[in-house]
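Down below is the structure, laid out as structure tokens.
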Amino acid sequence: MAITKILNIQESEGRNPASHLKNALEYIQNPDKTEECILVGGINCLPDTAFEQMEETKNIFHKTGKRQGYHVIISFSPEEKVTAEQAMYVLEHFAKDVLGDDYEAVYAVRTDREHMHGHLIWNSVSMTTGKKYNSPKGNWKNHLQPITNKYCDELGLSIMPAGYSRNPKNISRDKWEKEMSMKEIILRDAKMCAYAAGNVEHFKYLMKRLGYVFKKDAWMEVQTPGFRYYHKLAKLDEMFSEDMLRHYVDMPWMAKPYFYSSDIRGLHRAKMSPFQKKFYAKLYRLRVVEQKRFVVGGAKYAEDLKRFHQLQDEYLLLVNNDIKSIVELVDFISEKEDRIQQIEDRQKEIYRESSSRKRSIKNEEQYREYQIWHMEVQEELDELKQEKKGIKRQIQLADDIIKEDLYTAYYAVSGNEEIVADRDVEIPGMEDDMLVERTEKAVVELDISVTGMKSDNNQNEIGVQKEQTGSVRKQQTDLEGIGIPEIHNSPDVNVARVGESMTDVTDKNEFVEIRETEPVDKAGWIVRRISELGGYENVSDSVKADIFGFDIADVSGSIRLF
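Numbering of the sequence shown is given in this note's numbering, commencing with residue 98 and proceeding in unit increments.
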């Protein structure tokens, strides 16, 4: 059984950017560890002059910077007693399978450890096309390890499944990266709340209003809505340690809240198609979400907010290329793919001619002629490369547009919300929640007091119950008149106001209508009513009794309204 590991060799900061590559080649060819270089081989180059040949290839194609090469290590299990000859067989055939005739490479088997292992180093630049080797995500699982397994299997050795996991409970790499990407957002929100809070409890209150969940019996560990892991704020920044956080919140200095979104009113275009309008409406809603982050629980929209500028680019792709529907978008992708194929055909034509000219060089004069020709075509190659890069970006955006959920925060933000130019965010205090708690407590105490009076005065009970019934019915009638939103279907009405324009935000033919038959929450109505009259402490007992639906005279003042 053999495990494959791939590393990249970066440019050095010294005079020669390829010095790390040179050192790596010398390291794997150490005579003391390779049976006096008997266990060393090369493909497309000689091991003794490999570095010079690799450097020459880089110079010819003007790619001497950045990544210099790749280093693969293949380690065999000590339990299988793999011989040096078997290891050389696997390394040589692995190198030929992966690199073919395109890259100069050196491989070597080392015998200085308990387990047999080998090294393979190759140039980052192709000697035939001038392209740099591409190692995409999933290259190990889908390409490299299966090749190692193939030749181990030929030798009768056991194989390592390419999809193995040391801990089956681990999440996938994509999900892990997604979880870790939230750290930046969590830290920004936590700092904003800390700078605005008056004490630790207020800080936790603000974080909860944003939607974060605190881990029980732990100091400041928070979880983002929809994610798996809790993050320790103290690890993200030491200001959130128990001692230091109290200092920050006891001496608040409000910092301007960070915005991922931007004021997109200038992007609005006249005569947009319904498809384009839906994209603009999503951008608009996300901007409003950040303005009202404490009201709507902004943390649950963190993923969309973080990619706000990509969403903006997607919208601009639609309007700048006059793409008005999915059908036109698919046609756009097809057209761009055809153009990429034309560019690649021309690149291959130049690379083939370059390779042919390079191989036919016999003397210095031919080499100078080749250099002159190569300088002439290099400008064309650079232009083709830039055009291809831009087209690939457009295709990626178009693919993302097809997958986009255009109804994010659709019900969290009403159609008449206004975008404001400044970036001020209203920081809520804790008074409103405290008022709700005190009111609910008073309602409970009133209920207990009325129940206790039943055994003392049946006549009063009957009178009170009649008054309560009449009052509650009156309240119910009043509350029903307030109404709550309900969704209805309509083929005619399908718009929502965004800024100064009428923007179509859905093709589902839905709009909000007021229904006047379902009562709103009673406690909520009581809180709002008391707030309108100046707050609980400023309202007289008789007014409180009237709001709660009791006649204080019938119980001789025995009900205390706190």
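Don't be surprised by glycine CBs; every beta carbon is placed ideally from N, CA and C.
Please tell me whether Asp401 and Thr505 are closer than 8 Å, where the distance is taken between their beta carbons. Residue mapping note: residue 401 aligns to position 304 of the sequence shown, counting from 1. Residue mapping note: residue 505 aligns to position 408 of the sequence shown, counting from 1. Closer than 8 Å, so yes.
Using 8 Å as the Cβ pair cut-off and three pairs as the minimum, do the region 184–201 and the region 108–122 touch? They do not touch, by the three-pair rule.
Cut-off 6 Å between Cβ atoms - residues of its own chain near Phe148, not counting five sequence neighbours on either side: Residue numbering aside, residue 148 sits at position 51 when the sequence shown is read from its first letter. Hits under 6 Å: Lys119 and Leu122.
Output the distance between the C-alpha atoms of Phe173 and Tyr204, rounded to the nearest integer angstrom. Translated into the one-based positions of the sequence shown, residue 173 becomes position 76. Translated into the one-based positions of the sequence shown, residue 204 becomes position 107. Put simply, the backbone Cα of Phe173 is about 15 Å away from that of Tyr204.
Proximity of Gln491 and Lys421 at Cβ, strictly below 8 Å: The residue given as residue 491 occupies position 394 in the sequence shown. The residue given as residue 421 occupies position 324 in the sequence shown. No, they are not a contact pair.
Check whether the Cβ atoms of Lys102 and Ile170 lie closer than 8 Å to each other. Translated into the one-based positions of the sequence shown, residue 102 becomes position 5. Translated into the one-based positions of the sequence shown, residue 170 becomes position 73. Their beta carbons are under 8 Å apart, which means Lys102 touches Ile170 by this criterion.
Beta-carbon within less than 8 Å of Leu307's beta-carbon, same chain only, minus the 5 sequence neighbours each way: which residues are those? On the sequence shown, position 210 is the one that residue 307 refers to. Hits under 8 Å: Asp286, Cys290, Arg390, Phe391, Gly394, Gly395 and Ala396.
Cα-Cα separation between Ile499 and Glu434, rounded to whole angstroms: For the purposes of this step, residue 499 is taken as the residue at position 402 of the sequence shown. For the purposes of this step, residue 434 is taken as the residue at position 337 of the sequence shown. One alpha carbon belongs to Ile499, the other to Glu434, and they sit about 16 Å apart.
My parser needs the alpha helix (DSSP H) runs of 4 or more residues fully inside the region 283–308; what are they? Taking 4 residues as the minimum length, the alpha helix (DSSP H) runs contained wholly in the region 283–308 are 297–307, in order along the chain.
Determine the burial state of Val427: buried for a count of at least 16 other Cβ atoms within 10 Å of its Cβ, exposed for fewer. For the purposes of this step, residue 427 is taken as residue 330 along the sequence shown, with counting starting at 1. That one is exposed.
Quick check on the DSSP output: what are the complete alpha helix (DSSP H) runs of length 4 or more inside the region 304–370, in order along the chain? Those alpha helix (DSSP H) runs which fall completely within the region 304–370 and span 4+ residues are 330–333 and 339–347.
In angstroms, rounded to a whole number, what distance separates the CA positions of His585 and Pro371? Numbered from 1 along the sequence shown, position 488 holds the residue referred to as residue 585. Numbered from 1 along the sequence shown, position 274 holds the residue referred to as residue 371. Any reading at His585 needs caution, since the residue's pLDDT is 33, under 50, leaving its predicted position unreliable; the model's value is listed next. Whole-angstrom Cα-Cα distance: 20 Å.
Within 10 Å of its beta-carbon, does Trp219 have 16 or more other beta-carbons around it, so buried, or fewer, so exposed? Your numbering for residue 219 matches position 122 in the sequence shown. The residue is buried, with at least 16 neighbouring Cβ atoms inside 10 Å.
State yes or no: is the C-beta of Leu254 within less than 8 Å of the C-beta of Met98? Here residue 254 refers to the residue found at position 157 of the sequence shown. Here residue 98 refers to the residue found at position 1 of the sequence shown. Contact flag set, yes.
Cβ pair count under 8 Å reaching 3, the region 187–204 against the region 132–141: The region 187–204 vs the region 132–141: in contact.
Spatial distance of Tyr508 from Phe376 (CA atoms): Here residue 508 is taken as the residue at index 411 of the sequence shown, counted from 1. Here residue 376 is taken as the residue at index 279 of the sequence shown, counted from 1. Tyr508 and Phe376: Cα-Cα distance of roughly 16 Å.
Comparing C-alpha positions only, which one of Tyr345, Asp340, Lys305 and Trp273 sits nearest to Phe324? The count along the sequence shown starts at 1 and reaches residue 324 at position 227. Shortest Cα-Cα distance from Phe324 to any of Tyr345, Asp340, Lys305 and Trp273 involves Trp273.
Which of the three DSSP states, helix, strand or coil, is assigned to His683? Nothing can be reported for residue 683, as the shown portion of the chain is limited to 98 through 659.
Expressed to the nearest angstrom, what Euclidean distance is found between the alpha-carbon atoms of Asp601 and Asn105? Working through the sequence shown from its first residue, we reach residue 601 at position 504. Working through the sequence shown from its first residue, we reach residue 105 at position 8. Summary for Asp601: the model assigns pLDDT 39, below 50, so the residue's position carries little reliability; its value from the coordinates is reported in the next sentence. Approximately 50 Å between the Cα atoms of the pair.
By the 10 Å Cβ neighbour count, where 16 or more other Cβ atoms means buried, how is Glu110 classified, buried or exposed? Along the sequence shown, one-based indexing puts residue 110 at 13. Exposed is the call here.
Thinking C-alpha only, which one of Arg164, Gly215 and Gly487 is nearest Ser232? Mapped onto the sequence shown, residue 232 falls at position 135. Among Arg164, Gly215 and Gly487, the Cα nearest to that of Ser232 is on Arg164.
Which whole-angstrom value is the C-beta distance of Ile125 and His216, which I expect to be below 8 Å? To locate residue 125, count along the sequence shown from 1; it is residue 28. To locate residue 216, count along the sequence shown from 1; it is residue 119. At roughly 4 Å, the Cβ-Cβ gap stays under 8 Å, so Ile125 and His216 are in contact.
Asn513 classed as buried or exposed, judged by whether at least 16 other C-beta atoms fall within 10 angstroms: For the purposes of this step, residue 513 is taken as the residue at position 416 of the sequence shown. Asn513 comes out exposed.
To the nearest angstrom, how far is the alpha carbon of Glu177 from that of Thr245? Numbered from its first residue, the sequence shown carries residue 177 at position 80. Numbered from its first residue, the sequence shown carries residue 245 at position 148. One C-alpha to the other measures close to 15 Å.
Identity of the residue in Asn417, Val385 and Tyr355 nearest Ala367 by Cα: Against the sequence shown, residue 367 aligns to sequence position 270. Ranking the options by Cα distance to Ala367, first place goes to Asn417.
Determine whether the beta carbon atoms of Glu411 and Leu494 lie at a separation below 8 Å. The residue you call residue 411 lines up with position 314 of the sequence shown. The residue you call residue 494 lines up with position 397 of the sequence shown. In contact: Glu411 and Leu494 (Cβ atoms closer than 8 Å).
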